[in-house]
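*Asks:* Just passing along the structure, written as structure tokens.
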Ligand code: AP5
Ligand code: MG
């Protein structure tokens, strides 16, 4: 099964994709994570993407589509969770091609419906484990033992440079202008399912499980 998680910054795409990967053996393909890795490694892609990401704007369609193509083969037949991709109509068309070339197809496009002002609060208080990437939040999800990752025991945590209010507002505007308009492309094909992304994490997870089936 191949699914897209669609929603504005902070909607919970990464949180739900990581859970699906852990519980169902599907593969999380996050273009945001791939780009942050490229920036950290100082690759040519990373050098191009860094300033664009820090401004909250979209990296070029060609770069992100190529990244997805590179990672799609590793997913094999386990099924992919596209997290933060596609974000434009051109990326949606590129994804159709990449899947068709491999004999795969899309099963569901799950839109996480959320309230944008609440999302700003989610994002600016978000942090992750520097070692394993497990997601946390200053208010909603602190580690069980203060300062120690629940998953891997690391004591190092980090925050994203684009998680400040001004950049978040730009990211939201980019979502409204360029990403939300791709929904009709999938609606025409009857692929869109909607989930209340403002519900608690476990309730969102249950709603997604109900869509995917056993
Ligand atoms: P990307 O990394 O994809 O960021 P984003 O879309 O802005 O989304 P986030 O990762 O911020 O949010 P999320 O939906 O994953 O939420 P999360 O689960 O973390 O992209 C970053 C940048 O890279 C872009 O701005 C762009 O420059 C570039 N880029 C990436 N892909 C691109 C593409 N395809 N094309 C062009 N450019 C691209 O949750 C947020 C917080 O809320 C967490 O703390 C979490 O614990 C908490 N939380 C989650 N769910 C709930 C809940 N139900 N209730 C309460 N708290 C919750
Ligand atoms: Mg994310």
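In our numbering, the protein residues as written are 20 to 233. Backbone N, C-alpha and C fix where the C-beta goes; we use that ideal spot for every residue, glycine too. Predicted model, so just to flag it, every value in this text is computed and none were measured.
1) Do you know offhand how far residue 220's Cα is from residue 35's?
2) Under three-state DSSP, which class holds residue 163?
3) Just to confirm before moving on: does the CB-CB distance between residue 138 and residue 27 stay below 8 Å?
4) For residue 102 versus residue 48, is the C-beta spacing smaller than 8 Å?
5) Can you tell me which of the three DSSP states residue 79 falls into?
6) Quick one: does the C-beta of residue 54 sit closer than 7 Å to a heavy atom of the ligand AP5?
7) Considering only residues of the region 136 to 220, which uninterrupted alpha helix (DSSP H) runs meet the minimum length of 4 residues and lie entirely inside it, listed in chain order?
8) At what residues does the alpha helix (DSSP H) containing residue 60 begin and finish?
9) Based on Cα-Cα distance, which residue from 87, 197, 188 and 229 lies nearest to residue 77?
10) Who's in the neighbourhood of the ligand MG, going by beta-carbon under 7 Å from any heavy atom, listed in chain order?
11) Confirm the yes/no value for this check: CB of residue 202, any heavy atom of the ligand AP5, distance under 7 Å.
12) How far does the alpha helix (DSSP H) with residue 115 in it extend, from its first residue to its last?
13) What do you reckon, are the CB atoms on residue 32 and residue 131 nearer than 8 Å?
14) Run through DSSP, which three-state label would residue 127 get?
15) Across the region 158 to 166 and the region 102 to 122, are there enough close Cβ pairs to call them in contact, namely three or more that are closer than 8 Å?
16) Quick check on the burial criterion: 16 or more other C-beta atoms within 10 angstroms. Buried or exposed for residue 21?
*Replies:* In brief:
1) For this step, residue 220 is matched to residue 201 along the chain shown. For this step, residue 35 is matched to residue 16 along the chain shown. Rounded to whole angstroms, residue 220 to residue 35 spans 8 Å at the Cα level.
2) Here the question's residue 163 lines up with position 144 in the chain shown. Coil at residue 163, not helix or strand.
3) Locating residue 138 in the chain shown gives position 119, counting from the first residue. Locating residue 27 in the chain shown gives position 8, counting from the first residue. Contact check for residue 138 against residue 27 passes: the beta carbons are separated by less than 8 Å.
4) Along the chain shown, read from residue 1 onward, the residue named residue 102 stands at position 83. Along the chain shown, read from residue 1 onward, the residue named residue 48 stands at position 29. Remark: C-beta atoms of residue 102 and residue 48 approach each other more closely than 8 Å.
5) For the purposes of this step, residue 79 is taken as residue 60 along the chain shown, with counting starting at 1. Reduced to three states, the DSSP call for residue 79 is coil.
6) Start at 1 with the first residue of the chain shown, and residue 54 comes out as number 35. The answer is yes for residue 54.
7) Qualifying alpha helix (DSSP H) stretches, in chain order: 184 to 193 and 202 to 206.
8) The count along the chain shown starts at 1 and reaches residue 60 at position 41. First-last of the alpha helix (DSSP H) with residue 60: 50 to 60.
9) Within the chain shown, the letter at position 58 stands for residue 77. Nearest Cα to residue 77 within the set 87, 197, 188 and 229: 197.
10) Residues with their Cβ less than 7 Å from any non-hydrogen atom of the ligand MG, running along the chain, are 32, 33, 49, 51, 102 and 103.
11) By 1-based counting over the chain shown, the position of residue 202 is 183. Not so, every heavy atom of the ligand AP5 lies at least 7 Å from the Cβ.
12) Against the chain shown, residue 115 aligns to sequence position 96. Residue range 108 to 120 is occupied by the alpha helix (DSSP H) that includes residue 115.
13) To locate residue 32, count along the chain shown from 1; it is residue 13. To locate residue 131, count along the chain shown from 1; it is residue 112. Yes, the Cβ-Cβ distance between residue 32 and residue 131 is below 8 Å.
14) Walking along the chain shown from the start, residue 127 turns up at place 108. Residue 127 sits in a strand when the DSSP states are folded into three classes.
15) In the pairwise beta carbon analysis, the region 158 to 166 is classified as not touching the region 102 to 122: fewer than three pairs are separated by under 8 Å.
16) Along the chain shown, read from residue 1 onward, the residue named residue 21 stands at position 2. Counting every other CB atom within 10 Å of its CB across the protein chains shown gives residue 21 a total of 16 or more, marking it as buried.
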